[in-house]
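This report refers to the structure that appears directly beneath it.
Protein chains: 2
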Amino acid sequence: MDETLKSLKEILGQVADLEASVAVLEWDQQTYMPPGGADGRSMALSTVSRLAHESFIDDRVGELLSALEPGLASLDPDSDEARLVRVTRRQYDKARKVPAQFVAEFRRVTSLSFQTWQEARVRSNFALFRPHLERVVEMRRQYAGFFAPYDSVYDPPLDDHEPGMKTAELKAIFEALRPRQVKLIQAIAEKPPVDDSLLRLNYDEAKQWDFGMEVAKSFGYDLSRGREDRSAHPFTTGFNTGDVRITTRLDRNYLPEGMFGTFHETGHALYDQGLPQRLERTPIARSLSYAFHESQSRTWENLVGRSRPFWKHYYPRLQAYFPEQLGSVDLDTFYRAVNRVVPSFIRTEADEATYNLHIMLRLDLEMAFLEGRLAVADLPEAWASGMREYLGITPPDDKVGVLQDVHWSTGAVGYFPTYALGNLLAAQLWEKAQSDIPDLSKQIERGEFRDLLAWQRENVHQHGGKYEPMELIVKATGTPLTPEPYLRYLWAKYGEIYGL
Amino acid sequence: MDETLKSLKEILGQVADLEASVAVLEWDQQTYMPPGGADGRSMALSTVSRLAHESFIDDRVGELLSALEPGLASLDPDSDEARLVRVTRRQYDKARKVPAQFVAEFRRVTSLSFQTWQEARVRSNFALFRPHLERVVEMRRQYAGFFAPYDSVYDPPLDDHEPGMKTAELKAIFEALRPRQVKLIQAIAEKPPVDDSLLRLNYDEAKQWDFGMEVAKSFGYDLSRGREDRSAHPFTTGFNTGDVRITTRLDRNYLPEGMFGTFHETGHALYDQGLPQRLERTPIARSLSYAFHESQSRTWENLVGRSRPFWKHYYPRLQAYFPEQLGSVDLDTFYRAVNRVVPSFIRTEADEATYNLHIMLRLDLEMAFLEGRLAVADLPEAWASGMREYLGITPPDDKVGVLQDVHWSTGAVGYFPTYALGNLLAAQLWEKAQSDIPDLSKQIERGEFRDLLAWQRENVHQHGGKYEPMELIVKATGTPLTPEPYLRYLWAKYGEIYGL
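Residue numbers (numbering that gives the first Met the number 0), protein chains in the order written: chain A, 0 to 499; chain B, 0 to 499.
Quick look at the structure:
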C-alpha cells in the first residue's frame, strides 16, 4: 500500500504544482500584469490548467485508487490516508464523467460570455449578454446531465461547491430563514434611518491601507507567508500554506470598502494559512467547501470586525489615523454607521441583515432557469420583481440589477448560495466558539484574537478538505447546520442597535 | 506539410506556454513572493520546467521534424518555416543527448550548490563551497561528454549560450583584444584619477526611480507591455512580446547602481518587446544568443547612456531631480565621473574599460578547470594571481574574489564570455548604425531615440532566434565579429576623457 499511495501522491503533487502555477498566473493577471500580456497569459493559463486536468483524470489515477481502496477497511476511516483516497476518488469520478471536449467548449463559451458580460454591464444592455447566458445555461443543464440520475438538476452544480449537499437540504434551510430575515428587515425599516455620511468623507488611501494591515496582522495574518496587493476585485489566493495572498480595493470616499474588504480577505487567508502542511500537494490540502471558506471570512469581517467589542479596542486607533474625519465622532455613532441596515441594489455592498436576501433571489432565479421554468429572456423582469418582493426596491436599470454579478457569465451556477451558507456556518461556529472561550468578547475588547484563531485552527482549518461540509459542522459544533444561531445573532445585534 | 507544421507548432506552443509560466513563477519569486513561499515554489518550478522539457524532447517532436525536413529543400532557407525547423532540430538533438536522469541530478546538485554558495559568499569561506563546485565541474565535464567528439571540452557549454560558436573562435577574438585593452588601462593609470564622490551622495530613491523610468520610456520601452519592479538582483524577463518586465536595485548612496542598471535592463527589454509577434510561442521567438541580448543592453547602458550627447540632453533633467546634489556640478565633471576608469574587484561594478578583463580572467579559469588543468581547490589562488596580472590588484578575500559571482554555483559555465562578446557586438553594431544614421549623435543630443531603436528592430530584433549569432552579425554589419570597433570606441572615448 505504501508504494501505491506514494505513486498516487506523486501524481497528485504534480497536479497541485500545476494548479498552484495557475493560481500564480491568475494572481499576477489581476495585480501587476500589463495590459499587453493578456493574450499570452490566456494561452499559458489554458495550457497549464488543461495539463492539470489531464494529469488528474489520467487512467493511472483510477488504477492506483482501485488498488488502494480494498486496503481502506483496515484503516481509521478518518485518517489522512483513508480520507485522501475517498476524496480523490470522489473528485476523480466526477471529473471523468465530463468529456474533455465539453470542458474545452465550456471554457471557450464562458471566456466569450465573460468578455461580453463586461461590456453589457457597462452599457447596461442585457440583450447583448442574453445569447451568451442562454448558451451557458444550456451547457450547465447538459453538465448536470452527465451526473444523472439526480433528485434536482441543481444538485450537480451545488455539489461542485458544497460536496455532498443536496438541493432539498439547501431549500429547507433557506425556507426556514427567509420569513424571519424579511421580518427583521421590516422591523428595522420602521425605525429612524441611521446616517453613515461620516464614512463617506475623504479618507487617505495610504492610511486606510496601514490601518487594514495593522488589523490583519493582529488577527494573526502571517506576513512572512503572505502579502497584500491592490486589484480591481478583492480576492484571496493561496499557492501553498507558506504563500497566501490577499488583495484589496480602496475607495478614497468610502471607508468600509477597503476596510471590511481587508478584514474579509484576511479571514480567507487565515484559513489557507491554517491548512495542515502535512497534507500539502494533495486534494485535501484545501478548504472543504466554498461555504466553509466564506464562513471564515465572514467571521473576521462581521462577527469580529463589525462588533462593538472590536471597535471598543480599535476605534481609538482608527481615530488616530483619521483625526480630522473621526476625532469628534463618538464610538456609538461610528458603530451604528458601520452597521446601518438599508435595502440596496448591489449585493457586494449589502449590510449583514439584507445580504442573504440578495442570495435567495439569485438562488430562486438560477434554480428556475436551470429547471427550465424561467427563460433567460425573462430574467431582468424576474430580477426586478424579486427585488421588490424581498427588499421592496426596484432597480433602475440592469447594470445595478441582473447584470451586476460576474458569476453566471463565467458559468458559475451553484456558487451564490455558498455566500448565505457561509453566513449561517459562521454564526453557528461562533456560538460554539463563544461557549468554548467564555471571555471571547473581553479578549476582543482587548484586541486579542489568539484564542479565537486557535479555535478555528483546531476545529476547522486543520482538517483541510478531509470532510464534507455537513459532516464538519456537526464535528465542530455538535449540531447539523441550522439557521437558528444566525437569526439569534442578527436579532440580538440589530435589536440593540435599532431598539427592536 | 501544413498539417505537420501545425502539429509541430502546437507542441512547441505548449512548451512555450510552460516556459512562460516558469518565467512568471521566477519573476514573482524574485519580486513579491513572501519568504514562506520558497519550498512550494521550488516544487512548482521543478514540475513545470520538467513538463516543458519532457514535452519538448517527446518522440513525436522528432517524428514531426523528420517528416518536415525533406520539404525544406523547396523553401527559402531563410523563411520562418525553414529556420523554425532547423533551429528546433538543433535544440531537439542537443536536448535528446542529455539523459533525463542527468538533468534531474544536475538540477538537484546545482540547487544545493547555489544555496551553499550564498552562505559561503557571505562568510567569505571558499572551503564550504569547494566540494559543491567540484561536483558541478565534474558534471559539466560529463555534460560535455554527451556531445563528444568535440574540438574543445569548452565547446558544448559555449554552444549552449552562443549557438554554433567554437572555443577556438572565441580565443582568437579575446587574444586579439587582451593586449590592447590592457595597454589602454595602463595608459589611463598614468593619468590623474577622476573623482566620482559626487555620485556617492544621498540620492532619494523615489526620484532615482522616476528619472530611470523617464529615460526608459524615452528609449522606447512600452509600459503597456512592460513594467518595472524592485529586486535584489536586477533582471529582465519576457513572457511574450506583450509582457516584458525589468527590475532594478536602487542604492540611496550610489547613483549609478540603479540608473545605469535601469538603462541596461531597458536595453534587454527593448529587444524582447521587438521580437516578432508572428514567431510567438516558437523556439525562434527569442534572442538568438546571450551575447546578442547583452549587446542590446550594453548599447543603451553605455554607448547611449554613458555618452556625452546623451548627457547633454539629460543632465539638466537629472539636475532638476537632484538640484542639491548636482545643481552646482557642471556637465563635464559629471560626465567624467560616470566614466571613471579604475581597476576594481567586483565585475558588476567595473567600468567599460576594465570590464572585459574581468571576463577574460573567468574564461581562463573555467577553461582551465574544465580541461582539468586547474583543480577547484586552487581556484582562489589562480583568481588572485589573474587579478594581479590583468588589473594589478589583489582581492583581500574570496568574497570579493572567486566567490563574487553566482554563475558557477548554478552550473552556468560558458556564460561569462557572452558578456564580453556582448560589448564587442554592441560596438560593431553601433558603428554600422552610426553610418546608417549619420546624425545619430545629434538625435541623441536632442533626446531622440526612435531611429536607433528602429535600426535595432530592423537589423536585430525582428529576426528573433532565426540565425546563429555569427551569421547575424555579418547580416547586420557586413563583417564577421571583430574586436576592432570596440577598441576604436574605447580608445576614442577614453582618449578624449583622459587626454591620452
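Note that the Cβ used here is the ideal one computed from N, Cα and C, for glycine as well. Because the structure is a prediction, the values reported are computed rather than measured.
In the structure shown, F344/B adopts coil according to DSSP, grouped into three states. Under the Cβ distance rule, T46/A counts among the residues neighbouring chain B, one pair being separated by less than 9 angstroms. When the beta-carbon positions are compared, Y289/A and T417/A come within less than 9 angstroms of each other. Residue pairing for T235/B: DSSP places it in a beta bridge opposite I245/B.
When T409/B, L451/B, R248/B, H462/B are compared, the shortest CA-CA separation from W116/B is found for T409/B.
DSSP, reduced to helix, strand and coil, places G273/B within a helical segment of the structure shown. In the three-state DSSP reduction, R305/B falls in the coil class, being neither helix nor strand.
Between L132/A and G413/A, the gap from beta carbon to beta carbon reaches 9 angstroms or more. Under the 10 Å beta carbon count, N239/B is surrounded by 16 or more other beta carbons and is classified as buried.
For the pair R305/A and L274/A, the Cα-to-Cα distance works out to about 26 angstroms.
Sorting D75/A, I443/A, E204/A, P155/A by C-alpha distance to the C-alpha of D92/A places P155/A at the top. Taking 7 angstroms as the upper bound on Cβ-Cβ separation, chain B lies near no residue of the region 112-125 of chain A. Beta-carbon to beta-carbon, F259/A and E300/A are separated by about 5 angstroms, close enough to satisfy the 8 angstroms threshold. The beta carbon of A175/B does not come within 9 angstroms of any beta carbon belonging to chain A, so the residue lies off that interface. By DSSP's assignment, R226/A forms a beta bridge with R244/A. Residues of chain B whose Cβ lies closer than 7 angstroms to the Cβ of V23/A are, in chain order, V23, L24, D27. Of the residues assessed, L499/B falls on the exposed side of the cut-off, its CB having fewer than 16 other CB atoms within 10 angstroms. When C-beta atoms of the region 118-136 of chain A are compared with those of the region 328-340 of chain A, fewer than three pairs fall below 8 angstroms, so the two segments do not count as touching.
Of the candidates E470/A, V97/A, F210/A, A491/A, the residue whose Cα lies closest to the Cα of P162/A is E470/A.
Comparing alpha-carbon positions, the option among E53/B, V84/B, E68/B, D150/B lying closest to V102/B turns out to be E53/B. Ranking E380/B, H460/B, R85/B, V340/B by CA distance to the CA of L71/B puts R85/B first. Non-local beta-carbon contacts of Y149/B in its own chain, meaning distances under 8 angstroms to residues more than five positions away in sequence, involve A143, P155 in chain order. For H160/A, the uninterrupted alpha helix (DSSP H) segment begins and ends at 154-160. Considering only beta carbons, the part of the region 216-239 of chain A lying closer than 7 angstroms to chain B consists of L222, S223, R224, G225, R226, F238, N239, in chain order. Counted as a single uninterrupted DSSP element, the stretch harbouring K465/A is not any alpha helix (DSSP H), since DSSP gives it neither H nor E. Using beta-carbon distances, Y313/B does not count as an interface residue toward chain A, since no partner is under 9 angstroms.
By the rule that beta-carbons nearer than 9 angstroms mark a contact, G36/B touches chain A.
Within the same chain, R129 come within 7 angstroms of A376/A by CB-CB distance, once the 5 residues on both sides are set aside. Proximity of Q100/A to chain B, defined by a Cβ-Cβ separation below 9 angstroms, is not satisfied. 9 angstroms or more divides the Cβ of T476/B from the Cβ of A175/B. Near chain B, meaning a CB-to-CB distance below 9 angstroms, no residue of the region 447-463 of chain A qualifies. Residue contact check for A268/B against chain A: no CB pair falls below 9 angstroms. For D158/A, not one C-beta of chain B is nearer than 9 angstroms to its own C-beta.
Per DSSP, the continuous alpha helix (DSSP H) segment holding Q180/B begins and ends at 166-188.
Here G12/B has R280, T281 as same chain residues with Cβ atoms under 8 angstroms from its own Cβ, once five neighbours each way along the sequence are excluded.
Residues of chain A with a Cβ closer than 8 angstroms to the Cβ of D242/B are, in chain order, M32, P33, G35, G36, G39, R40.
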